[in-house]
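Participant:
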Amino acid sequence: MTFRKYLVLGGITLFAALGDSLLSHGMKEVGSISLNHWSSVLTAVFNPWVALGIVFLLFFFVSYTTALSWADLTYVLPASSLGYVLLAVIARFWLHEQITPMRWFGILLISSGVGFVTQGPALTPQAQHSATAGFKESEPALPGARQ
Amino acid sequence: MKHAYTWGAIAVVVLASTTGDILLARAMKQVGDVGELWRRTCLWTVASRILRTPSFPLGVVMMAVGFYSLLFALSWADVSLVGPASASLTFVANAAAARFFLHERVDHRRWTAALFVAAGVALLAG
Numbered sequence: 000m001t002f003r004k005y006l007v008l009g010g011i012t013l014f015a016a017l018g019d020s021l022l023s024h025g026m027k028e029v030g031s032i033s034l035n036h037w038s039s040v041l042t043a044v045f046n047p048w049v050a051l052g053i054v055f056l057l058f059f060f061v062s063y064t065t066a067l068s069w070a071d072l073t074y075v076l077p078a079s080s081l082g083y084v085l086l087a088v089i090a091r092f093w094l095h096e097q098i099t100p101m102r103w104f105g106i107l108l109i110s111s112g113v114g115f116v117t118q119g120p121a122l123t124p125q126a127q128h129s130a131t132a133g134f135k136e137s138e139p140a141l142p143g144a145r146q
Numbered sequence: 000m001k002h003a004y005t006w007g008a009i010a011v012v013v014l015a016s017t018t019g020d021i022l023l024a025r026a027m028k029q030v031g032d033v034g035e036l037w038r039r040t041c042l043w044t045v046a047s048r049i050l051r052t053p054s055f056p057l058g059v060v061m062m063a064v065g066f067y068s069l070l071f072a073l074s075w076a077d078v079s080l081v082g083p084a085s086a087s088l089t090f091v092a093n094a095a096a097a098r099f100f101l102h103e104r105v106d107h108r109r110w111t112a113a114l115f116v117a118a119g120v121a122l123l124a125g
């Protein structure tokens, strides 16, 4: 794992947390949308907070797909789940919400899970060949290698 | 009846999100390391290569199905049930699906991580 790859994982965490927070803030301004008037959800994107949230979620999607190009799904998902912790910290210090002991325990579990997975390899060795093969991935990297 | 609708929608969220994640992961593995490709070619070549991979648009469609199912589930039940239930189950379903469909090596470390994160999300959002 290089510094650039840790930066991409950090990007997933940061952009998802910021995007979700901005969407939530914007949707509270828009107000609740009834299923009978579902088309109102289309005009919600013109709210500046919702629009900014969508921009951050697009950055999240780019970072997420980039990480999936060089790491396993079962590595990327837990490794980038610190976003949940970041959301709780934003809720505590920016929105001044109370964090119960049960939630602190949840934060501890997530952080432990992230610690576990980041100690191991990012990519299943057999898949590493096709992941680094780039434009030549149509040719088997090894005889009988899985594509 | 509403209870059945809620859990039905949660099941669709988990199924669609997991399918979307698996398809996206499969597409990106076929493309190869994006950083390496970008160094060798230009951004447009990398983007067109990603978009030409059939699993990629399918994955995006499944993610969209998951998102809209989540909106429906939220209209039938509280976010305190729907949020943690769908997120936690998706973590565990992804670990199982990645092992079977992507042939990833999901060892004890990764199972422990997935279960810890799933439990943590349930406690945090509950």
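Taken in order, these protein sequences are the chains called A and B. Under numbering that gives the first Met the number 0, the letters of the first sequence match residues 0 to 146, in that order. Under numbering that gives the first Met the number 0, the letters of the second sequence match residues 0 to 125, in that order. The C-beta atom is built at its ideal place from N, Cα and C for all residues, glycine as well.
Beta carbons nearer than 8 Å to chain A: which residues of the segment 96-108 of chain B have them?
Facilitator: From the segment 96-108 of chain B, only 97, 98, 101, 102, 103, 104, 105, 106, 108 have a Cβ closer than 8 Å to chain A.
Participant: Would you mind working out which of B/28, B/40, B/65 sits nearest residue 8 of chain B, comparing C-alpha positions?
Facilitator: For residue 8 of chain B, the nearest C-alpha among the options comes from B/65.
Participant: Please return the same chain residues whose Cβ sits closer than 6 Å to the Cβ of residue 18 of chain B, not counting the five positions on each side in sequence.
Facilitator: Counting only Cβ-Cβ distances below 6 Å, and skipping sequence neighbours, we find 61.
Participant: By DSSP, does residue 98 of chain A sit in helix, in strand, or in coil?
Facilitator: Note: residue 98 of chain A maps to coil in three-state DSSP.
Participant: Quick check on the burial criterion: 16 or more other C-beta atoms within 10 angstroms. Buried or exposed for residue 114 of chain A?
Facilitator: By the 10 Å Cβ count, residue 114 of chain A comes out exposed.
Participant: Under a three-way DSSP split, which group does residue 143 of chain A fall into?
Facilitator: Low confidence applies here, because residue 143 of chain A scores a pLDDT of 36, under 50, leaving its location unreliable and the question unanswered by this model.
Participant: Going along the chain, which residues of the segment 59-73 of chain A sit with their C-beta nearer than 7 Å to a C-beta in chain B?
Facilitator: Against chain B - using a Cβ distance shorter than 7 Å - the residues of the segment 59-73 of chain A are 64, 65, 67, 68, 69, 71, 72, 73.
Participant: Could you pull out every unbroken alpha helix (DSSP H) segment of at least 4 residues lying fully inside the segment 47-74 of chain A, listed in chain order?
Facilitator: Whole alpha helix (DSSP H) segments, 4+ residues: 47-67.
Participant: Among B/73, B/43, B/92, whose alpha-carbon lies nearest the alpha-carbon of residue 113 of chain B?
Facilitator: When each option's Cα is compared against that of residue 113 of chain B, the closest is B/92.
Participant: Between residue 54 of chain B and residue 22 of chain B, which are expected to be in contact by the criterion C-beta below 8 Å, what is the C-beta distance as a whole number of angstroms?
Facilitator: Indeed they touch by this definition, with Cβ atoms about 4 Å apart.
Participant: At a CB-CB cut-off below 7 Å, which residues of chain A make contact with residue 122 of chain B?
Facilitator: Those are 101, 102, 104, 105, 108, listed as they occur along chain A.
Participant: Taking the runs of the alpha helix (DSSP H) that are 4 residues or longer, which of them lie wholly in the segment 72-102 of chain B?
Facilitator: Listed in chain order, the complete alpha helix (DSSP H) runs (minimum 4 residues) inside the segment 72-102 of chain B are 78-100.
Participant: Taking 8 Å as the CB-CB limit, is residue 14 of chain B close to chain A?
Facilitator: Taking Cβ atoms only, chain A never reaches closer than 8 Å to residue 14 of chain B, which makes this a no.
Participant: Under a CB-based cut-off of 8 Å, is residue 136 of chain A close to chain B?
Facilitator: No answer about residue 136 of chain A holds up, because its pLDDT of 40 lies below 50 and its placement is not dependable.
Participant: Helix, strand or coil: how does DSSP classify residue 120 of chain A here?
Facilitator: Three-state DSSP puts residue 120 of chain A in coil, outside helix and strand.
Participant: Taking just the CA atoms, how far does residue 16 of chain A sit from residue 131 of chain A?
Facilitator: With a pLDDT of 46 at residue 131 of chain A, under the threshold of 50, the predicted position of this residue should be treated as unreliable, though the coordinate-derived value follows. C-alpha separation (whole angstroms): 30 Å.
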